[in-house]
Structure formats: C-alpha cells, structure tokens
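Inspection log for the structure reproduced underneath, given as structure tokens.
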Amino acid sequence: SPPRRIAVIRGDGIGPELVDSAVEVLSAVADREGLELHFSTEPGGAATYRETGHAMPPEALDRLRTEYDATLKGPVGLPEVRKADGTEAGLLGGVLRLGLDTYANVRPIRLLPGVRTPVRFEPGQIDYVIVRENTEGLYLSRGAGVGNERAAADQLMVTREGCERIVRFAFELARTRSGAPADGRRRVTCVDKSNVLRSFAFFRRVYDEVAADYPDIERDYRYSDAAAHDLVADPAHFDVIVTENFLGDLLSDLGAATVGGLGMCPSANIGRASAYFEPIHGSAPGIAGQDRANPTSQVLSSAMLLDHLGEHSAAERIRRAVAAAYAEGAVEIDERGQPTCGTRGVTRAVVERL
Ligand code: NAD
Ligand code: IPM
Ligand code: MN
Numbered sequence: 008s009p010p011r012r013i014a015v016i017r018g019d020g021i022g023p024e025l026v027d028s029a030v031e032v033l034s035a036v037a038d039r040e041g042l043e044l045h046f047s048t049e050p051g052g053a054a055t056y057r058e059t060g061h062a063m064p065p066e067a068l069d070r071l072r073t074e075y076d077a078t079l080k081g082p083v084g085l086p087e088v089r090k091a092d093g094t095e096a097g098l099l100g101g102v103l104r105l106g107l108d109t110y111a112n113v114r115p116i117r118l119l120p121g122v123r124t125p126v127r128f129e130p131g132q133i134d135y136v137i138v139r140e141n142t143e144g145l146y147l148s149r150g151a152g153v154g155n156e157r158a159a160a161d162q163l164m165v166t167r168e169g170c171e172r173i174v175r176f177a178f179e180l181a182r183t184r185s186g187a188p189a190d191g192r193r194r195v196t197c198v199d200k201s202n203v204l205r206s207f208a209f210f211r212r213v214y215d216e217v218a219a220d221y222p223d224i225e226r227d228y229r230y231s232d233a234a235a236h237d238l239v240a241d242p243a244h245f246d247v248i249v250t251e252n253f254l255g256d257l258l259s260d261l262g263a264a265t266v267g268g269l270g271m272c273p274s275a276n277i278g279r280a281s282a283y284f285e286p287i288h289g290s291a292p293g294i295a296g297q298d299r300a301n302p303t304s305q306v307l308s309s310a311m312l313l314d315h316l317g318e319h320s321a322a323e324r325i326r327r328a329v330a331a332a333y334a335e336g337a338v339e340i341d342e343r344g345q346p347t348c349g350t351r352g353v354t355r356a357v358v359e360r361l
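Count along the sequence shown starting at 1, add 7, and that's the number in full-length UniProt numbering.
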C-alpha cells in the first residue's frame with residue numbers, strides 16, 4: 008500500500024500520553040504489516056489557544072484538509088481556559104467538525120471479554136454503534152448563543168440535508184458493519200424527542216423517508232429518555248443508533264459506562280473528504296501525567312483510522328491484540344476506569360500481542 012501521511016494532534020491533559028500509546032501501537036503494527044506511516048504533529052487545543060489565541064491556527068486546519076490522509080487526535084480542552092461568553096476556548100469540535108465537514112460521528116460501544124461492567128450483560132450483548140450527527144442540532148448554536156444578566160438562550164436547528172446524510176450514513180453502516188445485535192436482526196434506532204419538539208419531529212420524518220430505501224433493515228424508534236433507560240436495561244437490543252448531536256454526546260458517555268468506562272471508547276469523525284479519530288472522552292486533567300489513564304480509547308481510535316484508510320487487516324490486528332490483552336487478564340480496569348498496570352502497561356500488553 009502507498010505511504011500515508013497522518014496528522015497527530017497531541018491534545019491537553021492526558022492527551023499526550025494517550026497519543027504516545029496509540030502512535031507506538033500504530034508504528035508496531037505498521038512494521039508487522041509492511042505499512043509506511045508518516046506522522047507529523049499539528050497544534051491544537053487549550054495550550055495552543057494560550058500561546059496563539061486560536062484553538063487551532065488557520066494554517067494548521069488548511070494542512071489537515073490538504074496534506075494528510077487522516078488525523079489522529081488526542082482529547083483537548085481545559086476547564087479553566089474560557090472565553091468571555093463563559094464557554095471553553097480550547098476545544099476543537101467546532102473548528103474540526105465544521106471546518107472539515109465531518110458530519111458523521113461514529114461511536115462504537117462494545118463490551119470486551121474480561122472487562123468489568125456495572126450492568127448484568129455479557130460480551131456479545133453490548134455491541135452497538137451510535138451515529139451522532141456532528142455538524143448541526145443544538146451545537147449549531149455554538150458561539151451564537153445570546154444572553155444578558157437575566158437570561159441566556161441557544162437554538163437547536165436541523166436541516167433536511169443534514170438529517171438525510173446522517174440517517175443514510177447510519178443505514179449504510181447497518182448493512183456493512185461486522186457486529187450485530189444479540190437477536191441478529193439489523194436495525195437502525197432513531198433516537199429523538201419528537202413527542203415534544205418540532206426539530207426532532209422533523210428529524211424523525213426525514214428518518215422515515217430515508218428508511219424507505221433500506222427495506223432490509225428494521226426501523227426502530229426510541230424517545231431519548233427511554234433510550235437512556237434501555238441502553239442500561241436492554242443494551243442487547245441495539246445495533247445502530249442515529250441521533251442529533253447533543254443527544255449523541257450524552258448517550259455515548261452513558262454507553263461507555265456500561266463497557267468499562269470512557270477510556271474504552273474510540274470514535275471516528277467522518278466527512279466526504281476528511282476524517283479524524285479521537286477518544287469520546289475529554290482531557291481528564293485530574294489524572295494527567297500520572298500514567299493512570301486508559302489509552303484503549305485512543306488505540307482503538309487508531310484502528311478506526313486504519314479501517315478508514317482501507318488497511319483492514321492492520322486495524323483488525325490492533326483490535327485482536329486489545330481484546331487478547333483484556334481476555335488474558337494482562338490488563339485490568341478498576342472501578343474508576345483506570346488500568347491497574349498503568350497507561351504504559353496497557354501499551355506494552357497490546358504491542359506484545361500484535
Ligand atoms: P473527561 O472525559 O475528561 O473526564 C470525565 C471522567 O472520566 C473523569 O473522572 C476522568 O478522570 C475520567 N476519564 C476520562 N478519560 C479517561 C481515560 N482514558 N482513562 C481513565 N479515566 C478517564 O470529561 P470532563 O472532566 O468533563 O472534561 C475535561 C476536559 O475535556 C474539558 O475541558 C472538556 O471540555 C474536555 N473535553 C474534550 C473532549 C474532546 O477533545 N473530544 C471531549 C470531552 C471533553
Ligand atoms: C465530545 C466532546 C465535545 C462535544 C466537546 C468537548 C466539544 O464532549 O466529542 O463528545 O461535546 O462534542
Ligand atoms: Mn462528549
């Protein structure tokens with residue numbers, strides 16, 4: 008396969024140690040599979056904002072668009088780095104998701120053998136993907152909220168084009184993805200609040216229109232409150248979930264709690280021309296620099312990156328090594344979601360099993 012250029016945004020807090028882990032795993036798998044991966048660091052995050060006044064300098068965003076095959080991103084942001092409107096200044100969600108038009112945020116929630124879970128389900132019974140709309144919904148209000156001393160407001164908007172493309176993405180994924188719900192029936196669950204809000208009724212209507220093109224996939228609906236319940240009480244039901252931006256944000260962290268914590272959960276941000284890959288969680292400043300964070304989320308994000316490049320055998324090799332490390336008990340996650348062998352211990356256990 009051709010040489011690939013991969014941009015690396017190291018991030019804030021636990022970002023750098025997680026990215027080190029993932030790059031070590033990627034380099035080892037590249038050796039074994041005969042791939043040529045070229046990594047370059049690009050700036051971004053709260054530290055970059057402090058230095059430059061931009062969470063990402065505009066030239067760096069241009070380079071991501073034009074000079075790389077994909078981007079591996081660590082978590083960014085620090086709660087104390089804020090703008091005058093009270094929101095955080097060091098985040099890249101708006102810059103990258105809108106800047107690269109990565110409209111599909113793909114968040115697999117999967118329980119691996121050997122991982123402790125607070126719910127009464129087994130591996131194989133929790134294996135679904137949240138497809139979170141990534142460019143509109145409540146987040147369209149980012150930077151555009153209004154307020155004064157007495158009140159503040161944001162606006163949730165969805166468009167026909169935005170709903171169509173995310174719902175189509177979800178149905179296509181249901182046709183092709185390798186995992187399946189416990190009953191083996193392919194389904195896409197539309198999660199919304201269409202009983203109350205007009206924007207969500209619109210989202211559901213577009214879902215129905217697109218679903219008509221996929222008679223082989225079961226249609227399925229949950230209001231968002233019931234969805235939150237069922238993700239804990241009946242996760243085996245779910246295959247692919249498609250939902251609005253903010254609901255997808257909430258429900259993916261909820262799903263993470265059922266599969267060993269945020270440190271288990273990777274994600275992909277996919278657009279027509281660009282893609283980047285990052286853990287679903289944040290920069291966890293409270294445990295940064297202490298070799299306590301679980302890098303599995305970042306390592307599995309790098310497997311999703313390889314899949315995106317068409318390097319499926321290398322991607323699968325990483326996933327098998329991660330699964331083996333947990334199944335054999337070489338890696339154990341405690342009740343706080345931290346590996347007892349440390350961040351570096353997880354990296355070592357995975358690399359040894361590649
Ligand atoms: P967080 O996800 O960083 O942490 C929530 C909890 O999970 C903390 O207890 C943390 O210690 C733990 N945790 C997270 N990742 C872990 C890992 N890999 N291993 C072990 N434990 C882990 O959320 P937060 O504390 O609400 O936010 C911290 C910062 O991250 C904020 O600035 C926030 O805006 C930012 N953030 C960034 C992203 C991103 O870059 N994609 C995502 C979410 C939050
Ligand atoms: C995520 C994060 C981001 C989001 C924040 C940090 C902008 O929580 O990727 O889930 O809310 O989308
Ligand atoms: Mn989130």
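We treat Cβ as the ideally placed atom computed from N, Cα and C, and that holds for glycine.
Host alpha helix (DSSP H) of D69 (start-end) = Numbered from its first residue, the sequence shown carries residue 69 at position 62. Start and end: 65 to 73.
message = If you follow the beta strand (DSSP E) that G45 is in, where does it begin and where does it stop?
response = Numbered from 1 along the sequence shown, position 38 holds the residue referred to as residue 45. Reading off the sequence shown, one finds His at residue 45, where the question assumed Gly. Element bounds for H45: 44 to 48.
ask   = Any heavy atom of ligand 2 closer than 7 Å to the Cβ of G289?
value = Sequence index remark: in the sequence shown, residue 289 carries index 282 (1-based). G289 Cβ: within cutoff of ligand 2.
inquiry  = Please state the DSSP three-state secondary structure of E216.
reply    = Here residue 216 corresponds to residue number 209 of the sequence shown, with the count starting at 1. In this structure, DSSP gives E216 a helical state, which the three-state scheme calls helix.
message = Would E66 and A14 be called neighbours here (beta carbons separated by less than 8 Å)?
response = Start at 1 with the first residue of the sequence shown, and residue 66 comes out as number 59. Start at 1 with the first residue of the sequence shown, and residue 14 comes out as number 7. Not in contact: E66 and A14 (Cβ atoms no closer than 8 Å).
key: Cβ-heavy atom distance, L98 to ligand 2, below 7 Å   = For the purposes of this step, residue 98 is identified with residue 91 of the sequence shown, where counting begins at 1. Taken from the Cβ of L98, at least one heavy atom of ligand 2 lies inside 7 Å.
task = Check whether the Cβ of L85 lies closer than 7 Å to any heavy atom of ligand 1, and answer yes or no.
result = On the sequence shown, position 78 is the one that residue 85 refers to. Under cutoff, so the answer is yes.
message = Looking at ligand 2, does it come within less than 7 Å of D256, judged from the CB to the closest heavy atom?
response = Numbered from 1 along the sequence shown, position 249 holds the residue referred to as residue 256. Yes, the beta carbon of D256 sits closer than 7 Å to at least one heavy atom of ligand 2.
message = Looking only at its chain, what residues have a beta carbon closer than 7 Å to the beta carbon of L254, apart from the 5 residues adjacent to it on each side?
response = Taking the sequence shown and counting its residues from 1, the one referred to as residue 254 is at position 247. Result list for L254: V198, S231, in chain order.
ask   = Cβ-heavy atom distance between D19 and ligand 3 below 7 Å?
value = Along the sequence shown, one-based indexing puts residue 19 at 12. Ligand 3 never approaches D19 closely enough for any of its heavy atoms to be under 7 Å from the residue's Cβ.
ask   = Does the separation of the CB atoms of A181 and R193 fall below 8 Å?
value = Here residue 181 corresponds to residue number 174 of the sequence shown, with the count starting at 1. Here residue 193 corresponds to residue number 186 of the sequence shown, with the count starting at 1. Result yes, Cβ atoms of A181 and R193 sit closer than 8 Å.
request  = To the nearest angstrom, report how far apart M271 and V329 are at their CA atoms.
outcome  = Counting from one through the sequence shown, the residue named residue 271 turns up at place 264. Counting from one through the sequence shown, the residue named residue 329 turns up at place 322. Rounded to the nearest angstrom, the two C-alpha atoms are 10 Å apart.
inquiry  = Under 8 Å, with one C-beta from each stretch per pair, do the segment 232 to 241 and the segment 90 to 103 reach the 3-pair mark?
reply    = Cβ pair count under 8 Å is below three, so no.
message = Can you give me the C-alpha to C-alpha distance between A280 and F178, rounded to a whole angstrom?
response = As a position in the sequence shown, residue 280 is number 273, starting the count at 1. As a position in the sequence shown, residue 178 is number 171, starting the count at 1. Linking A280 to F178 through their CA atoms gives a straight-line distance of about 20 Å.
query = Do E140 and G106 have their C-beta atoms closer together than 8 Å?
reply = Looking up residue 140 in the sequence shown gives position 133. Looking up residue 106 in the sequence shown gives position 99. The answer is no: Cβ separation not under 8 Å.
query = Along the chain, where does the beta strand (DSSP E) that runs through N276 open and close?
reply = Within the sequence shown, numbered from 1, the residue matching residue 276 stands at position 269. If you look at N276, you'll find it in the beta strand (DSSP E) that goes 273 to 277.
message = To the nearest angstrom, how far is the alpha carbon of S8 from that of E43?
response = Residue mapping note: residue 8 aligns to position 1 of the sequence shown, counting from 1. Residue mapping note: residue 43 aligns to position 36 of the sequence shown, counting from 1. Each residue's alpha carbon lies about 8 Å from the other.
ask   = Using DSSP with H/G/I as helix, E/B as strand and the rest coil, what is D134?
value = Counted from its first residue, the sequence shown places residue 134 at position 127. Under the three-state reduction of DSSP, D134 is assigned to strand.
query = To the nearest whole angstrom, what separates the beta carbons of G144 and E251, a pair I think is in contact under 8 Å?
reply = For this step, residue 144 is matched to residue 137 along the sequence shown. For this step, residue 251 is matched to residue 244 along the sequence shown. About 4 Å; that satisfies the 8 Å criterion.
Inter-stretch contact (C-beta, 8 Å, three-pair minimum) for the segment 73 to 83 and the segment 16 to 28 = Between the segment 73 to 83 and the segment 16 to 28, the count of C-beta pairs closer than 8 Å reaches three or more; the two stretches touch.
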